[in-house]
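Visitor: Residue numbers (our numbering): 18 to 217.
Dropping a structure here in structure tokens format, bear with me for questions.
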């Protein structure tokens with residue numbers, strides 16, 4: 018269940034972004050964004066690992082001024098409202114801070130002319146947001162070590178289950194797929210909508 022919701026979250030997040038940025042379709046962008054919010058909210062309310070990762074992404078986007086369109090704002094407000102009302106599991110403040118910093122760096126580096134001028138490797142790194150991937154992997158590996166060496170437990174540091182890193186890769190892969198195949202996916206949804214409109 019978690020793996021599917023991570024994958025859907027990434028897929029719908031990119032659909033929402035590109036529907037607004039490429040097709041200027043605000044209604045579709047908000048709809049996809051709200052479906053994404055539903056997936057993320059369920060994960061964040063039921064899993065401390067997911068709560069840490071997605072809150073970090075949320076804060077990182079906000080701090081980097083990437084919450085800059087109506088679909089982003091609607092999704093941001095509704096997700097925050099759900100998390101405040103329903104609550105989240107206990108999370109590690111240090112882990113959240115590290116993941117937030119990683120998400121912030123990824124957003125600042127993405128589509129950044131300065132990064133593009135400093136080589137293809139750096140551009141690829143930030144285009145595909147590897148900073149947060151590395152942070153999640155780090156806490157997942159430390160989680161394995163912590164089960165073997167309980168003394169590694171540090172106040173404020175939350176170690177992830179290793180499968181969380183795998184799930185996060187599903188999120189990222191589906192995000193990339195939605196971006197690569199956006200036109201085909203969008204046109205498919207638009208065609209289905211037109212067919213149902215004619216039926217009604």
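By construction, the Cβ of each residue, glycine as well, lies at the ideal position given by its N, Cα and C atoms.
Can you tell which of 44, 28, 60, 55 has its C-alpha closest to the C-alpha of residue 18?
Guide: In the chain shown, the residue the question calls residue 18 occupies position 1. Residue 18 has its Cα closest to that of 60, out of 44, 28, 60, 55.
Visitor: Whole angstroms are fine: how far does the CA of residue 173 sit from the CA of residue 133?
Guide: If you number the chain shown from 1, residue 133 lands on position 116. If you number the chain shown from 1, residue 173 lands on position 156. About 36 Å.
Visitor: In its own chain, which residues sit with a C-beta less than 6 Å from the C-beta of residue 92, not counting the 5 before and 5 after it?
Guide: The residue labelled residue 92 in the question sits at position 75 within the chain shown. 50, 54, listed in sequence order.
Visitor: Anyone know if the C-beta pair for residue 100 and residue 58 falls short of 8 Å?
Guide: Mapped onto the chain shown, residue 100 falls at position 83. Mapped onto the chain shown, residue 58 falls at position 41. For residue 100 and residue 58, yes; Cβs fall inside 8 Å.
Visitor: Looking only at C-alpha atoms, which of 159, 74, 205, 40 sits nearest to residue 188?
Guide: As a working note, residue 188 is residue 171 in the chain shown. It is 74.
Visitor: Pair every Cβ in the region 193-210 with every Cβ in the region 22-36, then say whether three or more of these pairs are closer than 8 Å.
Guide: In short, these stretches touch, since the Cβ pair count reaches three.
Visitor: Does the region 137-147 come into contact with the region 162-179, if we say contact requires no fewer than three beta-carbon pairs (one atom in each stretch) closer than 8 Å?
Guide: The region 137-147 vs the region 162-179: no contact.
Visitor: When burial is assigned at 16 or more other CB atoms within 10 Å of the CB, is residue 123 buried or exposed?
Guide: For the purposes of this step, residue 123 is taken as residue 106 along the chain shown, with counting starting at 1. When all chains shown are included, residue 123 counts as buried.
Visitor: Among 194, 45, 23, which one has its Cα closest to the Cα of residue 70?
Guide: Your numbering for residue 70 matches position 53 in the chain shown. Ranking 194, 45, 23 by Cα distance to residue 70 puts 23 first.
Visitor: Classify residue 160 as helix, strand or coil using the three-state DSSP reduction.
Guide: Indexing the chain shown from 1 puts residue 160 at position 143. In this structure, residue 160 counts as helix in the three-state DSSP scheme.
Visitor: Shortest alpha-carbon distance to residue 64 belongs to which of 195, 180, 194?
Guide: As a position in the chain shown, residue 64 is number 47, starting the count at 1. For residue 64, the nearest C-alpha among the options comes from 180.
Visitor: Suppose contacts are defined by Cβ-Cβ distances below 8 Å. Is residue 81 in contact with residue 125 by that definition?
Guide: Position 64 of the chain shown, counted from the start, is the residue given in the question as residue 81. Position 108 of the chain shown, counted from the start, is the residue given in the question as residue 125. The answer is yes: Cβ separation under 8 Å.
Visitor: According to DSSP, is residue 106 part of a helix, a strand, or is it coil?
Guide: Here the question's residue 106 lines up with position 89 in the chain shown. If DSSP states are grouped into helix, strand and coil, residue 106 belongs with coil.
Visitor: Going by C-alpha distance, which of 96, 168, 129 is nearest residue 47?
Guide: Along the chain shown, one-based indexing puts residue 47 at 30. Of 96, 168, 129, the residue nearest in Cα terms is 96.
Visitor: How is the alpha helix (DSSP H) around residue 30 delimited, first residue to last?
Guide: Stepping through the chain shown from its first residue, residue 30 is reached at position 13. That run of the alpha helix (DSSP H) goes 19-38.
Visitor: State the CB to CB distance for the pair residue 68 and residue 105, rounded to an integer number of angstroms; the pair is presumed to be in contact (CB under 8 Å).
Guide: Walking along the chain shown from the start, residue 68 turns up at place 51. Walking along the chain shown from the start, residue 105 turns up at place 88. About 4 Å; that satisfies the 8 Å criterion.
Visitor: If the criterion is Cβ atoms closer than 8 Å, does the pair residue 83 and residue 192 meet it?
Guide: Within the chain shown, residue 83 is the residue found at index 66, counting from 1. Within the chain shown, residue 192 is the residue found at index 175, counting from 1. Their beta carbons are not under 8 Å apart, which means residue 83 does not touch residue 192 by this criterion.
Visitor: Alpha carbon to alpha carbon, what distance is there between residue 141 and residue 127?
Guide: Residue 127 sits at position 110 when you count from the first residue of the chain shown. Residue 141 sits at position 124 when you count from the first residue of the chain shown. Rounded to whole angstroms, residue 127 to residue 141 spans 9 Å at the Cα level.
Visitor: Assuming residue 120 contacts residue 77 under a Cβ cut-off of 8 Å, what Cβ separation, rounded to an integer in Å, is found between them?
Guide: What you label residue 120 is simply residue 103 of the chain shown in a count that begins at 1. What you label residue 77 is simply residue 60 of the chain shown in a count that begins at 1. Contact holds; Cβ gap of about 3 Å.
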